[in-house]
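Student: First residue of the sequence shown: 5, per this note's numbering; consecutive thereafter. Supplied in structure tokens, the structure appears directly below.
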Amino acid sequence: MHDPELKKIVLKAEKYCAAEERCKNDLLVKLANWGVEPEKAQTILEHLEDENFLSEKRFAKMYTTSKVNQNKWGKVRIELELMKRNIPEKYISEAINEIDEEKYLKNFNVLVSFKSKESLDLNPLIRKQKIIAFLISKGYEEDYIQQNFHI
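Here it is as structure tokens:
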């Protein structure tokens, strides 16, 4: 990397990746927004992977942990979001399998409680349907909802 302009972009990309965990897809979009040609973008991407600024596996784990802890998302939604970012299936599976089941159930129960209080005045059947629809929108698996949701 003897090109001074390329070095400047690499430093900017390193800073971008050091600020928070990124995936290849996010970085390629950012590089395109900066006007970087696809061949140079690929070179930069490879450099960042070699220097450990970028890791799809690490991104999948961090993203999953973050969405479970902060957004109380279910496995289905997390998986779909990671797939949108072209994360390899093996990394998605690893990240999903590492979810703390106690935390997952606790989040589930918090969401059920929240939605139950929000719809107290509704007919019990409609209330149950609304809660189930809400849980599905948060990405919880239908089997999991059936096993753990009791009203």
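Where a beta carbon is used, it is the ideal one built from N, C-alpha and C, also for glycine. Computed from a predicted structure; not experimentally measured.
Using 10 angstroms around the beta-carbon of Ile96, count the other beta-carbons present and answer buried if the total reaches 16, otherwise exposed.
Tutor: buried
Student: Which of the three DSSP states, helix, strand or coil, is assigned to Ile136?
Tutor: helix
Student: Is the stretch 127 to 137 close to the stretch 68 to 80, with three or more CB pairs under 8 Å?
Tutor: no
Student: Write down every uninterrupted run of the beta strand (DSSP E) in the stretch 70 to 100 whose length is 3 residues or greater and which is fully enclosed by it, in chain order.
Tutor: none
Student: Counting only the same chain and skipping the five closest in sequence on each side, list residues whose C-beta sits under 6 Å from that of Lys94.
Tutor: none
Student: Is the beta carbon of Leu58 closer than 8 Å to that of Leu31?
Tutor: Yes, these two residues count as a Cβ contact at 8 Å.
Student: Quick one: Cα of Leu112 to Cα of Lys76, how far?
Tutor: Reading the sequence as shown, one finds Phe at residue 112 and not Leu. Computed Cα separation, rounded: 7 Å.
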